[in-house]
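Taking it in order: structure first as structure tokens, then the write-up.
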Amino acid sequence: MKKRFNLLAVCSLAGIFMAGCNNPSSSNKQSGAMATNAAERVYVAPGEYDEYYGFFSGGFSGQLSVYGLPSGRLFKVIPVFSQDPEKAYGYSEETKPMLMTSHGFIPWDDAHHPDISQTDGELDGRWIFINGNNTPRIARIDLEDFSTAEIIEIPNSAGNHSSSFVTENTEYVVAGTRFSVPVPQRDISIKEYKGNFKGTLSFISVDQKTGDMNLSFQIMMPGFNYDLAHPGRGKSHGWFFFTTYNTEEAHSLLEVNASQNDKDFIAAVNWKKAEEYIKAGKGKKMPTKYAHNKFDNSTHTATSTMKEEVLILDASELPGLVYLLPTPKSPHGCDVDPSGEYIVGNGKLSANLTVHSFDKMLKAIESKQFDGESYGIPILKFEDVLAGVVEQPGLGPLHTEFDDQGNAYTTFFISSEVVKWKLGSWEVIDRKPTYYSVGHLMIPGGNSRKPDGKYLVAMNKITKDRYLPVGPDLNHSAQLYDISGDKMELLLDFPTIGEPHYAAAIKADKIMHKSREIYKLDENKHKYVTKSPADAKVVRNGKEVHVYMTMIRSHFTPDNIEGIKVGDKVYFHVTNLEQDFDVPHGISMLGANTTELLVTPGKTETFVWEPKEVGVWPFYCTDFCSALHQEMQGYVRVSLADSNIELSWSLDDE
Amino acid sequence: MKKASVLMIIGSGLLFSLFFFPLWNIELGAPQYPVPLGMNIYIDGIKGVKEFDIQNIDGLNHYIGMKTIPKPEEMWEFTVFPIVIGLMATLGIAIGLGAFFEKIKPVFFLYWLLLMGTLGVLGMYDFNLWLLDYGRNLDPHAIMKMVDLNGNPLTYEPPLFGHRKILNFDAYSYPHIGAYLMALGMVFVFAAYLVGIKQYKK
Numbered sequence: 010m011k012k013r014f015n016l017l018a019v020c021s022l023a024g025i026f027m028a029g030c031n032n033p034s035s036s037n038k039q040s041g042a043m044a045t046n047a048a049e050r051v052y053v054a055p056g057e058y059d060e061y062y063g064f065f066s067g068g069f070s071g072q073l074s075v076y077g078l079p080s081g082r083l084f085k086v087i088p089v090f091s092q093d094p095e096k097a098y099g100y101s102e103e104t105k106p107m108l109m110t111s112h113g114f115i116p117w118d119d120a121h122h123p124d125i126s127q128t129d130g131e132l133d134g135r136w137i138f139i140n141g142n143n144t145p146r147i148a149r150i151d152l153e154d155f156s157t158a159e160i161i162e163i164p165n166s167a168g169n170h171s172s173s174f175v176t177e178n179t180e181y182v183v184a185g186t187r188f189s190v191p192v193p194q195r196d197i198s199i200k201e202y203k204g205n206f207k208g209t210l211s212f213i214s215v216d217q218k219t220g221d222m223n224l225s226f227q228i229m230m231p232g233f234n235y236d237l238a239h240p241g242r243g244k245s246h247g248w249f250f251f252t253t254y255n256t257e258e259a260h261s262l263l264e265v266n267a268s269q270n271d272k273d274f275i276a277a278v279n280w281k282k283a284e285e286y287i288k289a290g291k292g293k294k295m296p297t298k299y300a301h302n303k304f305d306n307s308t309h310t311a312t313s314t315m316k317e318e319v320l321i322l323d324a325s326e327l328p329g330l331v332y333l334l335p336t337p338k339s340p341h342g343c344d345v346d347p348s349g350e351y352i353v354g355n356g357k358l359s360a361n362l363t364v365h366s367f368d369k370m371l372k373a374i375e376s377k378q379f380d381g382e383s384y385g386i387p388i389l390k391f392e393d394v395l396a397g398v399v400e401q402p403g404l405g406p407l408h409t410e411f412d413d414q415g416n417a418y419t420t421f422f423i424s425s426e427v428v429k430w431k432l433g434s435w436e437v438i439d440r441k442p443t444y445y446s447v448g449h450l451m452i453p454g455g456n457s458r459k460p461d462g463k464y465l466v467a468m469n470k471i472t473k474d475r476y477l478p479v480g481p482d483l484n485h486s487a488q489l490y491d492i493s494g495d496k497m498e499l500l501l502d503f504p505t506i507g508e509p510h511y512a513a514a515i516k517a518d519k520i521m522h523k524s525r526e527i528y529k530l531d532e533n534k535h536k537y538v539t540k541s542p543a544d545a546k547v548v549r550n551g552k553e554v555h556v557y558m559t560m561i562r563s564h565f566t567p568d569n570i571e572g573i574k575v576g577d578k579v580y581f582h583v584t585n586l587e588q589d590f591d592v593p594h595g596i597s598m599l600g601a602n603t604t605e606l607l608v609t610p611g612k613t614e615t616f617v618w619e620p621k622e623v624g625v626w627p628f629y630c631t632d633f634c635s636a637l638h639q640e641m642q643g644y645v646r647v648s649l650a651d652s653n654i655e656l657s658w659s660l661d662d663e
Numbered sequence: 008m009k010k011a012s013v014l015m016i017i018g019s020g021l022l023f024s025l026f027f028f029p030l031w032n033i034e035l036g037a038p039q040y041p042v043p044l045g046m047n048i049y050i051d052g053i054k055g056v057k058e059f060d061i062q063n064i065d066g067l068n069h070y071i072g073m074k075t076i077p078k079p080e081e082m083w084e085f086t087v088f089p090i091v092i093g094l095m096a097t098l099g100i101a102i103g104l105g106a107f108f109e110k111i112k113p114v115f116f117l118y119w120l121l122l123m124g125t126l127g128v129l130g131m132y133d134f135n136l137w138l139l140d141y142g143r144n145l146d147p148h149a150i151m152k153m154v155d156l157n158g159n160p161l162t163y164e165p166p167l168f169g170h171r172k173i174l175n176f177d178a179y180s181y182p183h184i185g186a187y188l189m190a191l192g193m194v195f196v197f198a199a200y201l202v203g204i205k206q207y208k209k
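Read top to bottom, the protein sequences are chains E and A.
All residue numbers for the first sequence refer to my numbering, where the first residue is 10 and numbers rise by one.
All residue numbers for the second sequence refer to my numbering, where the first residue is 8 and numbers rise by one.
Dropping the structure here:
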């Protein structure tokens, strides 16, 4: 107890010292853009392209934003877990199933860690995965469409935080639970946490051709909190590493009660062993319920299927499946270097950074010198697996990424800085302030065998005085550093969307050429597609009316509809007939209780309108599509429910 | 004589390339079309450079009341041209073979070339007539009726050869691979004639 007190005293002293060093205004002057030609190095001239695509998670916005690097220009916000009125995502009839869960329709989630698919340990740019933290889900975004292709819910999980990270060949996307919960869920006292609550680590297999995800198996773990994860690579391919905290198994006031143990664990999971156990029939099928939602690019429609079973492997019963590596003080980030040898545990309450060795871990496992066990899972000896310690690098280490020169870069939340240090010698080489309270950092390919050591992006939680003030709620921010030299150089500072928890970046030329321009109308298999204005029609089926409508510059067919009645439920199935790049058309209806549709060329989308009043109500194109955009409009006549006006539709009275 | 005949056969045979390569190309670029829309004109029809170019050109042209780009069955030329080219190529090869076996004098190479030249000029004339009709014969109900400073209606025909600015578009019209191969063939035929008469005189 006395020892800890001293440690804290050292920490706080160091904090004061470092805060002094990192006085932002003084370093600002030293590294002004004029002095270092920083402006030139981030300037991407009009019409020219950035070198990298950067994908930044939207955090509590639920989305994924796409930025250019080094310019910091925002290209797109891809809706993933949250409804997006701009693109009608989660509002159109076609996309609503994407947000279905076993708890029903959920219009939001907390999007955390994007990770780009890999082949042979290198980013391949096929897909990007991201986790929904709140109602556990994993999404796959197709990087031809830059849109969400699939969302799979994770059962037996709560606070899906140690997710979504891919293995070296995208064999699996891995998702771990933050909260442990009763598995299966049941009505018990919260005080009975210890021993009764469980954590699960989920392995979702990915079809290499289609990208289709399948919840392959879950590993049942003790009731810790599983914070972050990263895959082994190279020689450690086949293993997956998860940081844990709350190994105390506290159920209340965690900030105190989960900070008591001197060391928590990094759980090393041998997933190749898991595959063997499954082959040997050691998995147990458990009834559960989770949604699996897929968007089909030929029907332009999502489907949601409820799955009812999951395969469980119990880590307490299956030897060799999981080992625990003691790691000081509630480690947060769990980062594996490009060679696969070093596993960095960023103990957020520790004064030092702990680095484990994969080779030593294997040796320790072989010699079976364990330091006890936890729920039947062997605990390795700290000294046996330790590769080295970075002494006193800063306060509140959270995350580490790597360059291609054997250097590591760690963010320090409390001392608000990025620290560069050397793998192997564990010496600190450089430190630079961030503005302020940095969380994640990202180096393009930093979570792969081939990092691109040119830029580093720090993502900050607090911005305070960094931009013009805009009221009490502020954007989070990102800072771009040049890391090609010995010393890091701050080049650019830009606001972000929501709260970026992690980002992933990839060389632009790996994906820019396959980015889709249009959907082929010929290949459109939507149930309500209208491929030619001649096929446009309005069909009544009791109180349900289906409008088969087309749009092309610059008119709707039909644009006059009569015979709609109060109390009808009118489905507008609108097909954009354009086959020209960047010519979307929108449509919105006065009084419709939903958003506009924004229909890209060759696609069909649907919105529903339930007219409540008689009258003649207009609709119009919401995207300035052409010189005659303002003329792109129409009327629907709504009559009383008992009126005998025949259903009719026309364009130019024909 | 054999050398000349082979040149004649190759030269006239090159006409067959017109069945595979476009004769002419028209490109339409604009601020909104940094990658220009384009059409390739073959002897048997007009095709878009990219899959949907024709559809998109037609879509834009409807604003100014231009007719749609003709389908093969809408213009007699696309039926007749392949027959004429096929016949001329066959005739040229036949003349070449005749000369090879010394049944035909090389002056027939020149007759063939003159006939081909005449047909070529007629073809270009006809093509230009179509361009003029296409650019000037506009729908009176067109959405945009543009006039010049003197109040005369604007015309939109692309140039037969070279560049023309048409509203926001830059139209470029140039021969394409088929035309170049045909021209090369004509050079071969003329060379065949020169070589042929030299050897024939010996």
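C-beta: ideal position from N, C-alpha, C; glycine also.
What in chain A is Cβ-close to E/Arg-562, meaning under 7 angstroms? Working through the first sequence from its first residue, we reach residue 562 of chain E at position 553. By Cβ distance, chain A contributes Gly-66.
Pull up the CB-CB distance for E/Phe-226 and E/Leu-322, whole angstroms please, since I reckon it's below 8 angstroms. Taking the first residue of the first sequence as position 1, residue 226 of chain E is located at position 217. Taking the first residue of the first sequence as position 1, residue 322 of chain E is located at position 313. Confirmed, about 6 angstroms.
Using 10 angstroms around the beta-carbon of E/Ser-35, count the other beta-carbons present and answer buried if the total reaches 16, otherwise exposed. Taking the first sequence and counting its residues from 1, one reaches residue 35 of chain E at position 26. Because E/Ser-35 carries a pLDDT of 42, less than 50, the predicted location of this residue cannot be relied on, and no value is offered for it.
Taking buried to mean at least 16 other C-beta atoms within 10 Å of its own C-beta, is E/Ser-6 buried or exposed? Residue 6 of chain E lies beyond the stretch modelled for chain E, which goes from 10 to 663, so this question has no answer here.
Specify, as a first and last residue, the run of the beta strand (DSSP E) that E/Pro-442 falls within. Taking the first residue of the first sequence as 1, we reach residue 442 of chain E at position 433. Run containing E/Pro-442: 437-442, per the beta strand (DSSP E) assignment.
Starting from the beta carbon of E/Leu-637, find every residue of chain A whose beta carbon is closer than 7 angstroms, and list them in chain order. Within the first sequence, numbered from 1, the residue matching residue 637 of chain E stands at position 628. Listed along chain A are Ile-150, each with a C-beta nearer than 7 angstroms to that of E/Leu-637.
Quick one: is E/Gln-588 near chain A, going by C-beta distance under 8 angstroms? In the first sequence, the residue the question calls residue 588 of chain E occupies position 579. Contact of E/Gln-588 with chain A is assigned, a C-beta pair being separated by under 8 angstroms.
Return the chain-ordered list of same chain residues with a C-beta closer than 8 angstroms to the C-beta of A/Met-153, the five sequence neighbours on each side being excluded. Here residue 153 of chain A corresponds to residue number 146 of the second sequence, with the count starting at 1. Only Ile-71, Pro-160, Leu-161, Leu-174 meet the Cβ criterion.
Residue from A/Lys-208, A/Phe-197, A/Val-87 whose Cα sits closest to the Cα of A/Gly-52: Taking the first residue of the second sequence as position 1, residue 52 of chain A is located at position 45. It is A/Val-87.
Have a look at A/Val-42 and E/Ala-54 and give me their C-alpha separation to the nearest angstrom. As a first step, residue 42 of chain A is located in the second sequence; it is residue number 35 there, counting from the start. As a first step, residue 54 of chain E is located in the first sequence; it is residue number 45 there, counting from the start. One C-alpha to the other measures close to 19 angstroms.
Taking 7 angstroms as the line, does the beta carbon of E/Lys-281 fall inside it for any heavy atom of the ligand SAH? This structure lacks the ligand SAH, and indeed carries no ligand of any kind.
Could you check whether A/Ala-186 and A/Trp-31 sit closer than 8 angstroms to each other, using their CB atoms as the reference points? Here the question's residue 31 of chain A lines up with position 24 in the second sequence. Here the question's residue 186 of chain A lines up with position 179 in the second sequence. Yes. Within cutoff.
Kindly give me the distance between the Cβ atoms of E/Val-398 and E/Val-364, rounded to whole angstroms, as I take these residues to be in contact under 8 angstroms. As a first step, residue 398 of chain E must be located in the first sequence, where it is residue number 389. As a first step, residue 364 of chain E must be located in the first sequence, where it is residue number 355. Correct: roughly 7 angstroms between the Cβ atoms.
Simplified DSSP assignment, three categories, for E/Thr-45: Mapped onto the first sequence, residue 45 of chain E falls at position 36. E/Thr-45: helix per DSSP, three-state reduction.
C-alpha distance - E/Val-75 paired with E/Pro-88, whole-angstrom precision: Locating residue 75 of chain E in the first sequence gives position 66, where the first residue counts as 1. Locating residue 88 of chain E in the first sequence gives position 79, where the first residue counts as 1. Straight through space, the alpha carbons of E/Pro-88 and E/Val-75 are spaced by roughly 11 angstroms.
So, helix, strand or coil for A/Ala-199, using DSSP? For this step, residue 199 of chain A is matched to residue 192 along the second sequence. Look at A/Ala-199 here: in three-state DSSP terms it is helix.
Under the three-state reduction of DSSP, which class applies to E/Thr-308: helix, strand or coil? Working through the first sequence from its first residue, we reach residue 308 of chain E at position 299. Here E/Thr-308 sits in coil by DSSP.
Would DSSP call E/Gln-269 helix, strand or coil? Translated into positions along the first sequence, residue 269 of chain E becomes position 260. Reduced to three states, the DSSP call for E/Gln-269 is coil.
Could you tell me which whole beta strand (DSSP E) segments of length 3 or greater appear in the stretch 330-379 of chain E? As far as the stretch 330-379 of chain E is concerned, its whole beta strand (DSSP E) runs of at least 3 residues are 331-337, 340-345, 351-356, 362-366.
Inspect the CB distances between the stretch 483-493 of chain E and the stretch 156-171 of chain E and report whether three or more fall short of 8 angstroms. These segments do not touch.
Interface partners of A/Gln-62 on chain E, CB under 7 angstroms: One-based indexing of the second sequence puts residue 62 of chain A at position 55. Ordered by position in chain E, the residues that pass the 7 angstroms Cβ test against A/Gln-62 are Gln-588.
Buried/exposed call for E/Met-107, threshold 16 Cβ in 10 Å: Residue 107 of chain E sits at position 98 when you count from the first residue of the first sequence. By the 10 Å Cβ count, E/Met-107 comes out buried.
Under 8 angstroms between C-beta atoms of E/Thr-420 and E/Val-447: Here residue 420 of chain E corresponds to residue number 411 of the first sequence, with the count starting at 1. Here residue 447 of chain E corresponds to residue number 438 of the first sequence, with the count starting at 1. Yes.
Mark E/Gln-269 as exposed unless 16 or more other C-beta atoms lie within 10 angstroms of its C-beta, in which case mark it buried. What you label residue 269 of chain E is simply residue 260 of the first sequence in a count that begins at 1. So E/Gln-269 ends up on the exposed side.
Buried or exposed: which applies to E/Pro-442, given that a residue is buried once 16 or more other Cβ atoms fall within 10 Å of its Cβ? As a working note, residue 442 of chain E is residue 433 in the first sequence. Sixteen is the threshold: when 16 or more other Cβ atoms of the shown chains lie within 10 Å of the Cβ of E/Pro-442, as they do, the residue is buried.
Pull up the distance between the alpha-carbon of E/Asn-178 and that of E/Glu-201, whole angstroms please. For the purposes of this step, residue 178 of chain E is identified with residue 169 of the first sequence, where counting begins at 1. For the purposes of this step, residue 201 of chain E is identified with residue 192 of the first sequence, where counting begins at 1. If I take the Cα positions, the gap works out to 41 angstroms.
Closest to A/Phe-176 by C-alpha separation, out of A/Pro-166, A/Pro-182, A/Ile-184, A/His-183, would be which residue? Taking the second sequence and counting its residues from 1, the one referred to as residue 176 of chain A is at position 169. Comparing Cα-Cα distances from A/Phe-176 to each of A/Pro-166, A/Pro-182, A/Ile-184, A/His-183, the minimum goes to A/Pro-166.
What distance in whole Å lies between the Cβ atoms of E/His-582 and E/Cys-634, which are believed to be in contact at a cut-off of 8 angstroms? For the purposes of this step, residue 634 of chain E is identified with residue 625 of the first sequence, where counting begins at 1. For the purposes of this step, residue 582 of chain E is identified with residue 573 of the first sequence, where counting begins at 1. That pair is no contact at about 19 angstroms.
Using the beta-carbon of each residue, which ones in chain E are nearer than 8 angstroms to A/Phe-176? Residue 176 of chain A sits at position 169 when you count from the first residue of the second sequence. What A/Phe-176 touches in chain E: nothing, since even the nearest Cβ is about 13 angstroms away.
Assuming E/Tyr-351 contacts E/His-449 (C-beta within less than 8 angstroms), just tell me the rounded distance between them. Here residue 351 of chain E refers to the residue found at position 342 of the first sequence. Here residue 449 of chain E refers to the residue found at position 440 of the first sequence. That pair is no contact at about 19 angstroms.
Three-pair Cβ contact test at 8 angstroms for the stretch 146-156 of chain E versus the stretch 507-525 of chain E: Yes, the stretch 146-156 of chain E is in contact with the stretch 507-525 of chain E.
Between E/Ala-97 and E/Leu-599, is the Cβ-Cβ spacing less than 8 angstroms? For this step, residue 97 of chain E is matched to residue 88 along the first sequence. For this step, residue 599 of chain E is matched to residue 590 along the first sequence. E/Ala-97 is not a Cβ neighbour of E/Leu-599, given a cutoff of 8 angstroms.
Quick check: E/Ser-245 and E/Phe-367, are their CB atoms within less than 8 angstroms of each other? Looking up residue 245 of chain E in the first sequence gives position 236. Looking up residue 367 of chain E in the first sequence gives position 358. Contact flag set, yes.
Do E/Glu-60 and E/Leu-78 have their C-beta atoms within less than 8 angstroms of each other? The sequence position of residue 60 of chain E within the first sequence is 51, counting from 1. The sequence position of residue 78 of chain E within the first sequence is 69, counting from 1. Cβ atoms of E/Glu-60 and E/Leu-78: closer than 8 angstroms.
Suppose you measure from the CA of E/Thr-308 to the CA of E/Lys-105; what does that come to, to the nearest Å? The count along the first sequence starts at 1 and reaches residue 308 of chain E at position 299. The count along the first sequence starts at 1 and reaches residue 105 of chain E at position 96. Cα to Cα, the separation comes out at about 14 angstroms.
Distance between beta carbons of E/Phe-138 and E/Asp-124, contact taken as under 8 angstroms: Your numbering for residue 124 of chain E matches position 115 in the first sequence. Your numbering for residue 138 of chain E matches position 129 in the first sequence. That belief holds up - the Cβ atoms of E/Asp-124 and E/Phe-138 are roughly 5 angstroms apart, short of 8 angstroms.
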